[in-house]
Structures are given as C-alpha cells and as structure tokens.
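Notes to accompany the following structure.
Listed below in structure tokens is the structure:
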C-alpha cells in the first residue's frame, strides 16, 4: 500500500482496521520542547467520537488515546510520538452478509481488485474509524501551531441543500451538527430526520478557516499551500471536492473583482478583500486561509440497492445496523486535523527558505 | 524551496524562470523500453504555446523541446530523461515598473516574504511559462499510459458564466477555446471580447476524463487517487477548486441517488451510473475518472488597481503589455499533463500491491 | 527528528524508548497475500533477546511481539502492518546517577545538544533496545524475500582480534557468539572473559551473505544496492565501518585481479570469482551479496572514565549494572533485518524498471 | 530508475550519459540569499577534469558549467538551481567492439539485466563522467556550508599499498595524486607507472575531514550522520568500503580505549581523543568528522580478460583507449561533493529539531 504515510518533516504514519486490535499513528519529526499530554489529544478524539447524538452510529468506542513514546515528563523529546487506540468494541459479529458482497458507494470492490484480499469486518481499513489516527496526530500538530499563534477552526456550512446563512463560529459547539448558524441547524435537523425515515442519507459541506499564518508558507511549484491542503482533505473518505476563497465562483468573476487589492495598515501590508482565500501563488498571503470541502452522502443506507458479489452474481442489499445518516459533523474535527498536520509540516519546511534563517539558528 | 519535485516512482523535478536561460524537467523513474521522440513531446508543447490566437499573449516562444538524456536510439533506457527549452525571447526589457511593486492577484508579495529576493522579470518562477516543463513531462507520461491503453483528455467546460451544454469531445480542437460545444464557444468568444474591451479578464472551468484505468489504482489512505490528482491539479497557478464526479452537487444529494449500483456485463463488474467520477475509497473503480477544476480570471489586467510596493508605499498600477484575458484554454493541456504524470506514478506504485504480481516478475 | 522512517515502497516507521511504554514499527507497503504469523516474527525477536547467555545483559525482556493490524486470517492484506512490544521490565529505578552526566562513547551529549531534552532512562531512544523494532520489521521482509527464494544470513566473523578462519554457516547457532567456526569461538570466549574481568568491553565484525538475488537490484545512481545496504547497516548503533566483497583490501589489489571474469554455465552468465561481493555498478550482479560491518566495543563499561555533566562540570563515572561486554552476537539478527528490509524495498522498486514488466501486470 | 534523486530538503536530481547531449543537476531546496557564480562551481569542476596529468584519461572535456536558473543578479533565489554541462567531445566513434560485450568489473551486464537496453557509448550512465553533476551540486552545498563556517576537505591517503605516513593537508594540491605526503606521492607515482606498463590498474583510499560542524547534526535512528554519509559516498562508482574514526580497527580495541573522554575547555565540552571520528549515536559530537573510503582498481584495463557477450558467447576482451590507471585522485573532489551535499541537507533538517528554533524564526 505504502500510502499510509504523510508529510515531509512533520511526518505521520497510520495503521489500523475498524475491527483489528488497535489503531494508531507515529508522528516523526515533531520538534522537541512542546508540552503534550494525553488530555490535549483526547479533547479532539472526543469530538470525533460516535454515539454522542442521534446522528452518529451507536457504536460505543472508548477512543481512549495512549501516548506510547516521544514524550518525557510531559514534554516532547523530538523522538517519534506513537499514539494508540485499542479497539474495545469488536463484538464477534456475523459478517457473512457482507463478506462477499460489494456495497455500492463503498471501497469493497476496489480493495478486492487491488489486493485480492480484504478485511471486511466493519469496512476494515476503509472504515471512518481510520480517521481517529488522523485526529490524534492533528491534535499534536495543533499544539505545535498554537506555539506560534496559528489557529485552525472548521464547521459545517451546509447539510444537503440547507446552507448556513450567518457564521457565528462560537455557535458551532452549541449543536450536534457543528453548524455556526442555529437557524440553519434547525432546518438541517429536520432534513436529516426525514432522510432517516426514508432509510437514506445526505451530504454536506465543511468550511475551514485558519488565522495567524505568516505570509510565505507553501512550497512552489508542486507543494503549494493550496495543493497540499487539497491532497490532505481529499484523502478523507467521502470528500468529493474542495475550493479556496471564492472557489468555483471565481471562475465566473472578472479579474478586476477577483484580485484582492493591497493597502498599508499600521505599517503592515494588508488586503482589502479575501477572494483568494488567503493563498497567492501557492503561498499564504497574510489573509485568513479559507476553504470548503464537499462530502457525499453516507454510502451505507438501509434502503434496498442493486449490486454484485465477488463471484460475479447480481445481488440485492440492505445495509443493516444503525449508520450515520451524515458523515459531516464528525468529519469537522478530521478536516481540522488534516489541515493542522499539513500546516505544521509546511511551517517547518519553510524555515530554511532563507539563508538568513539558517544563520539565525547556527551563528 | 524543495517543492519543485513531484512523484514517488515516476518522479519529476522542474526548473526555470520566465526570463532565465532555460526551463526544463528531469523525469526519473520512467521504465525502459518506451519509444520516445522529441516530436511526441513537441505535439503537447505546441498546444500550450502562446501567440496562436487572439486570446493568448503575443510573446513568441519557440518552445522547442530538446531531449538531453535517457533515450537511446529512440527508446527510453530507464535512466533520467532530461528535457529542456531554451528561452529565446528574453528581450532586455525595462522592468523598473514592476520590480518593486506587488501586483494584486499575483505571487510577488508572497515570494518577497518567503525568500527575501525575487526574480521579477516576467514573473520569474511564478510565470505561467513554468508549466511548459509540466507539459513536457506529461507527454512522456502519456506515452507510458498509452502502452497500457489509458487515455487522458481535457477540455474547457465553462468560460465565465458560459457553460458547455453538450459535450462532443472531437469538437474541442475545432475552436481556440478548446470547448466541446461550438455553440458555447460562440457565446464565450463574445464574452471574452467584451472583457478585453474593458481591460479585464475572466475565469473558467476545465473538465478532464480518463478512460482505460484498471480498477484499484490509488494508495489508501493518504495517496488516494482523488487526493493525488487534487494536489497535482491544484498545484497549477490560478486553480481555485476541484471536484470529482458529482462533486459539490453530491453534497446536496441522497445516498440512494449518489451510490452507483453495480451490475454484471459480459462477465465484468460494471456500474450503472458514475456519480463517483470513477473513484471509490480513493481507488479507481473501473468507471471513467471525471473531474473539473476551476480557474480564476487572469490576474494581469490593464485596468487600474490599488496596491503597495515593497517599501510600504501605496501605489496605483495598470499592467502593461498584452496578457491573456483567460488562462483556461492554454491550461487544458497542463491539466492533462498533471493528470498523466500522477496516473503514471500510481500505475507503477500499484504494481507491488499483491505478492502475486511480485512473483509474476521474479519467478 | 524525522529520521525514524526508512524505505521507499516497503516503508518502515519505528518508535519507542528503552523505558517507555512500548516499542514498535509500522510497515507500510508490504504486498498483500503473504502468510504471516506472530511466530514468524517471534523467532527473530528471540535471537536478539538479551539474557540468554553470560555475554548478554541480564534484563529480562519478554519481547513478545503483537501484530496489531494489516494481517487478516493469517494473510497480509496490503494495509499497514503494525507490530508492538510492550515494555514490561521498566522497574522504577533511580537514574539520578546518569540523568545529568554525559557517558563517554554514548549519544547523551549529542541528544542534549540537538533537542535540549533527553529521556535518560536506560538510554531512551539511543538504547540498543531500539533495534527490536528493526528486527520485527526484518522478519516480515524476510518472509517476503523467501517467496522469491532470497535468503539472508549473517554471523560473527571476528571478536576483538580473534577472526573466524573457516566458515561453516550451520555452526553459528551452536555457540552463543554466533560464530561459524567453533575454534574461533573458544578463543573469542576466552577474550571476552578477560575483558569482563577488566570491567572492559570489546568490538567485532559481522559478515552477511545473501543468496538468490536476481541480477539488477539497486537503483543507480544514488540508491545503489551497496549504498542502500551501507546506510541501513551503518544506521545501527556501534557500527564504524562497512565493506563489500574484497572491501578495503580491493584498494591494494590490481584491476586484473579484482575484476571478476564472466563465463557461461548451463546457459547462464556466471562469474569466476566474487571479489565484487555481488554488486557491480550499484546493482546485484548475480553472485552472492557479501559484506562485513565493524562494531566498536560496547561503550558502557564499569571501568572508571573521565567526563563532564550538563552543567559543564568535569566528573568521573563508572557505569553500574551488568552490560554486554560485546554487542556483536545480538547485532547479527539486526544486520539480517536491515539487509532484508533494504532488499525487500529494492526488489519492489525494481519491478517497474522495464515497460515489459509493467505490461506483464496490466495487459 | 528513480534512484537519481538525493536529499530531503537540499535535494538534487541528476541526469546525463557519458556520450549524450549533456549532463546536469537540479538543486531544489537551496536557501535564498547565497552569493553564487559559475566560477564558484567551475573551480571544483576543474579539479575533477580529466586530462590534466598522465594518470587521467586523455579525453578533452571542457566541463564548462552553466547556471540555467535559480540565481538572480548573483544571488540564489530559493527556486531550483539547474546546472548543465554540454558534452562537446562526443566523437562519433565506433563502439561495435563493446556494444554487445560485458566488460568485467563494469555495470554492463547488470544494466542489461535490469533495463533490457543500455546506452553503451562510453559507459552511458555508469561512466565516471556522471560524477560531474555531483561535483557541480557539491560546489553549491560547499558555499552554503561556508556561510556557517563548515569546511569539507578530502585527500588521497593510500594508493595501492602505499599509504601516506604524515598528513599535511596543504600539500595535497602540490601533486597530481592529491596526497598530503610528498614522500608517499613519489612511491605511489612509481607504483602507478609500473601498473601502466603492465596494462593494469590499482585502487586506493580517500580520507575526508570536516571541521566546524555544530554538535547534533544527523537524524536518528535511520538518517544518522554516519549512515547518510555512508550512503552518499558508497553511491560513487568503484567504492568498496567506508569507515569512520578508528573504523575497522575499533573492532579490535577495547571500550576503555575507544571511548573518547569528555572535558571542559574555555567553557566548552571537548573530547580528549577522536576515536569516534566525530560521530556519536549518529549525530555530530563536536569533534572533526573523519572517514575513509576504499576504491577498487579501475575496471577498464588493456590486459586481456575473459568474459561473455549478450548472446551468451564466451569472449576475450582487451579494453582499448587510454584509461585512468586509478580513479582515486579524480574522486577526491567527488567525495567532498557528496559529503557537502549530505551535510547541507542534514544542516537544514536539523533546524526544526527544537521548538525553540521554530519560535526563533516565527515569533
């Protein structure tokens, strides 16, 4: 596979299947000298945890994170930080109903084609549970970023065709859908109830905003800030699109509107608008980084669907059990995690852009 | 910088500024035994070349590609393939008007912040001319993919608010905007004329379609097919968004609609629809890979804009010279190139997914 | 740190300190379809285990390996394989004697200079215990290599100035020093007893021989077979040199002697001699791969030494506790592990060297 | 191939065959703000150039380096630096004598086995001429290192069985063999004359010494300083071994002798001896970095040898033309280059080891 490692200096490597013994991540390249406790990480883990409301699966996961290495007396030492979650809720279920069948909208068929074998229990490696390792690593990246005053914050901007009309970021923790607009939350909630009644699911959109970025992060020409964030976020299950600043709407605008004019304010270069979403030429431009990611509806639905099994027989399937009718609210913290990990890496990579910086460290 | 290399097995490393001596690319990891001539590459170079119609800059670039290594008697040898373009049209212009000023919508300010120095001639490394190296490498990747019957094809699907309503791929070479719909071309053409009259520019959308992909390409969980393509395409200048299959619209649909049902046809697994855009769980699913990328309007416009210079003084600027009022038509072949390079790499990476494949080579 | 990951396709990432909660490794990129059990790995772990004879430390480590992911019903699935060892023998000792002092020949001073913090318990990350993760990963690589008939075998060729004079590989498991010559073992044993009496330690040399390699493994010009093996083996603690084939003696020979002449045997190209040690131009040449690595004496000795502490005070130190008077016998399996991991990676990388191979998989 | 790129932050990618159009290198990740001219590089190129004395091949190579990008007004800009050498002396010779035959001690057979095709003209990619790209990149790395007072210096310590007995580094440029001992030079010179008379060749040993390294460079546990240097140097053609500090002799010594004791001098931690060769636990320890690399005799000899051709026929061969009877003197600057490139990379990687350093740049 070899695709389970990510990053250049701040590097992560994840492992684990939905119903294996454990999931986890090794973070290699985290600078020494950062205060870090299991609680720092647990806070984010709990935001991803299912079972906390009626829109999440009922699986009880303790999701209790353990730091196995790389931290000594509460401080990172510069050596690899290993974080692990034991899988405690692996009931010995009967999987005979899905072990041979290819669920529509799922990775089952692709895994079989690629590897010739598949751990079908709970979706194996393609389960949303895989993202718990991302969230754990993201919490460490977040601590690093906080030390230089960078803040990453995501929220649900749309569920189905219900879109947040005002954005009051503080509100996002006041509702289980993580929306920054209580009005939109009420409507989205009704929409979800309806979908659940129909044994169906819906999609949505998450927006992420990063403040405090110094200008110049991102490494042209391939590892640009927006390119790296795109890869990071599009590597999450169920994402189908991403856009920065005005995004797809920029394709309909004119240059005279889309260009953000510069001006001076208190001796600093500022932009009058932020159509760019905080990125110019692939580098942070001093404005807030703003992007949105689109998520498809949860593929696991109880409604009857047509499909085939691995013996080439056409079959009908109703996916049993309680599944999230929407992945978006739980994905919010995963978007933050992937963003934080990517920014931590680009922050460290940018350190050697100038010889002046090199001298600042060594002379 | 260290961001000018891309790929894992099929690796490229590019160099060159707009007005430097030359631009080029080294391709490391191209398999031995592929027929390759300069003409194979020149064909794609010519599609990117400016000056061929009224919507492109008037700069005359010969863009004549030279193969410096890695090919012997018309066949790739497995050693690095170096491709180079000399810059012939570097008139010793006067750049005093832009050397200190930060053009809105451009990377000038970010480069200065990151590196403390900037080759301002023609935009230096952030010039669209940088993409010529991508196109050259893409042509080699395309040859590789053709050997296993994979085809990459992109076209302009929208210019400003004019969208192609029918898609007849053959038509795309019949008009300078690379649109697959002659009707839409007429309207888009009028839109561009109007923008040019206003000293302004417009954006657009490119769609790309890949056929012939075996199922299973893409390396979960971070190097997924869609994640890798997203990075590749979003690393091009002026891109502001990307989406696969139903993309952002999927966020408004329901699972029962969005899931593509499987069926059997002539002993093969097929999908009844392709809402996924050919990717499930981050791997190719046997359907055509379909994605769209949004481009912002060209930032270089003759209209007057407000900005600042590097001494912190507020200034007004009108960008002289003739600039493309739209980047989209010339970006079509660059989208194909980045897609082909990414797929070539994932194709080679996928070879070792199964021990059976390893034995097929060595036993 | 970011130096705890290794490999390109068959990638490993290790973690763990001597007295932390656990040590382990994630293997990303192991092909699917290989039979693998914890026993396969435990066999190698037991060869590295201390306490099995009078020349090893008395620490009781169960070193019981656990497979956390990537294996389903006894078969690798292509997803990351996580292997973990819990640290069970972390007695809450008093480390006040070494927490501030820089032990001569150890990494203490360098860790403090690099990171500004150091987990001093049992040497932290620089403990020989770190190699257990390498051995675990090596056992998996060994299984992979066996599938294509490649065999890796190392043994002690010298201890201090006692050198094996005959090599009977089968003998190496008949003595605790892993020597292929029982006569040499007797002498080496006496040498060690003497060193221990003097509260001192000795060094030695390990030889490694790999059979069954197809010709052509290794990736010129930087990732040559010998270059990669050198890095792998020289990354083990206490190694001070490595040489291939005739090695340093080749510097004293003439070309007419050193060149291995080719001849035909049963339709195959063979070499009359193997001065090269099985590598030409950085690729396997069809002969056995042979190399030797030199190890310095264990730096932990009970003899009194002069040193300084982190407050810049000169101090005297006698390192308490029982330490291995020699690291070589326990390092034999680590040399095999690093060699196997490197070869597994190069084997997979070599698959795409020829377009013919690519077609063999996809057409 | 994919093995022609090297480095993590300071990354190089090389290309070129002996008789192709050109050779060169792209350096990606060199910090902005370093003064750099073609002359800085040419100085090292000239040290590698053949034809300057009777022990070098008579090929006249101008080896005139050209900077194609990444430098603006004499200063590096942080963008990729491309350096190129045109091949001017590619006489259209007749290669029919070697195009099918496998020269003993050469890579011919391995290239054919790996790639199924081989550019046989002058050895293609396996020619020593390939190292010119390394030297060019090394000259840039050297400039970077000088900015923080790090100096890399190599010399010939042995030719055949003639070993330098005293080391006066200044002397190395006083003789064509690059020996730091004029007495040894006289003897080595006689030895070479004799070998040439016999149509034979000899090997030798190069020693390299680096001063000014801060303690703590090197990234445990795989990218240790000595591991990285080993890979870098062992990737040069003809190297058969490498050792640090006491090297292989350390295997015969005792811990009480081999450990370097620390002491204080003018408020700084110093070592009384340097048996370690300047590296402890894989990091620079504040002492001079010292290592030696063994080179085999030039494989191209005029003496008759037995071999086979690619049709499986046994053949006799005498390699025509004048070849260096020894590669060592010309390899001295290549050893320096590979060392400098490796150290530049480790220097930049080490910048993010501590959070304090990160804050020093960003707060």
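Chains as they are written, first to last, in the numbering used here: chain U, 309 to 671; chain R, 309 to 671; chain S, 309 to 671; chain B, 309 to 671.
Backbone N, C-alpha and C define an ideal beta-carbon position, used for all residues, glycine too.
Model, not experiment: these values are computed from the prediction.
Measure how close the beta-carbons of residue i and residue j come, nearest whole angstrom, since I'm counting them as under 8 Å.
i	j	result
residue 647(B)	residue 456(B)	About 15 Å; that fails the 8 Å criterion.
residue 549(S)	residue 602(S)	4 Å
residue 464(S)	residue 636(S)	5 Å
residue 535(B)	residue 542(S)	4 Å
Kindly say whether residue i, judged by its beta-carbon, lies nearer than 8 Å to any beta-carbon of chain U.
i	result
residue 514(B)	no
residue 440(R)	no
residue 403(R)	no
Could you confirm whether any beta carbon from chain B is found closer than 8 Å to the beta carbon of residue i?
i	result
residue 619(R)	no
residue 520(S)	no
residue 415(R)	no
residue 309(S)	Confidence at residue 309(S) is low in this model, with a pLDDT of 49, below 50, so the placement of that residue should be treated as unreliable; the coordinate-derived value is given next. It does; some Cβ of chain B falls within 8 Å.
residue 318(S)	no
residue 524(S)	yes
residue 385(R)	yes
At a Cβ threshold of 8 Å, is residue i touching chain R?
i	result
residue 606(U)	yes
residue 668(B)	no
residue 419(U)	yes
residue 528(U)	yes
Which residue's Cα is closest to the Cα of residue i: the options?
i	options	result
residue 683(U)	594(U), 666(U) and 509(U)	For residue 683(U) there is no data in the structure shown, the boundaries of chain U being 309 and 671.
residue 631(B)	618(B), 611(B) and 494(B)	611(B)
residue 381(R)	428(B), 355(B) and 374(B)	428(B)
residue 583(S)	498(S), 598(S), 571(S) and 497(S)	598(S)
residue 644(R)	562(R), 665(R) and 451(R)	451(R)
residue 654(S)	310(R), 342(R) and 670(R)	670(R)
residue 466(R)	440(R), 494(R) and 442(R)	494(R)
residue 581(S)	320(S), 573(S), 569(S) and 587(S)	569(S)
residue 297(B)	341(B), 316(B) and 487(B)	Limits of chain B in this structure are 309 at one end and 671 at the other, which puts residue 297(B) out of reach.
residue 473(R)	621(R), 657(R) and 490(R)	490(R)
residue 595(R)	431(U), 340(U) and 418(U)	418(U)
residue 386(U)	357(U), 371(U), 341(U) and 423(U)	341(U)
residue 388(R)	389(B), 344(B), 320(B) and 310(B)	310(B)
Counting contacts by CB-CB distance shorter than 8 Å, is residue i in contact with chain S?
i	result
residue 388(U)	yes
residue 533(R)	no
residue 427(U)	yes
- Query: Between the stretch 334-354 of chain U and chain B, which residues of the former have CB atoms less than 8 Å from a CB of the latter, in chain order?
  - Reply: Answer set for the stretch 334-354 of chain U: 337, 339, 340, 341 and 342.
- Members of the stretch 445-474 of chain R near chain B, C-beta cut-off 7 Å: Those would be none; no residue qualifies.
- Query: Is the number of C-beta pairs between the stretch 434-453 of chain S and the stretch 339-356 of chain S that are closer than 8 Å three or more?
  - Reply: Yes: at least three Cβ pairs fall under 8 Å.
- Of the residues that make up the stretch 569-588 of chain R, which ones have a beta carbon closer than 7 Å to any beta carbon in chain U? Flagged, chain order: 569, 570, 571, 572, 575, 577 and 588.
- Any contact of the stretch 512-524 of chain U with the stretch 519-538 of chain R, i.e. 3+ C-beta pairs under 8 Å? Verdict: no, contact absent.
- Query: Closer than 9 Å, Cβ to any Cβ of chain U: which residues of the stretch 641-671 of chain S, in chain order?
  - Reply: Listed by position, the residues of the stretch 641-671 of chain S near chain U (Cβ gap below 9 Å) are 656.
- Message: If the cut-off is 8 Å on Cβ atoms, which residues from the stretch 372-383 of chain R count as contacting chain S, listed in chain order?
- Response: Nothing from the stretch 372-383 of chain R brings a Cβ to less than 8 Å from some Cβ of chain S.
- Stretch pair the stretch 472-489 of chain R + the stretch 610-625 of chain R: three plus CB contacts closer than 8 Å: Segment contact: the stretch 472-489 of chain R against the stretch 610-625 of chain R, fewer than three CB-CB distances shorter than 8 Å; contact not assigned.
- Task: Determine, using beta-carbon pairs with one atom in the stretch 326-340 of chain S and one in the stretch 371-381 of chain U, whether at least three such pairs fall under 8 Å.
- Result: Contact between the stretch 326-340 of chain S and the stretch 371-381 of chain U is present, because at least three Cβ pairs lie under 8 Å.
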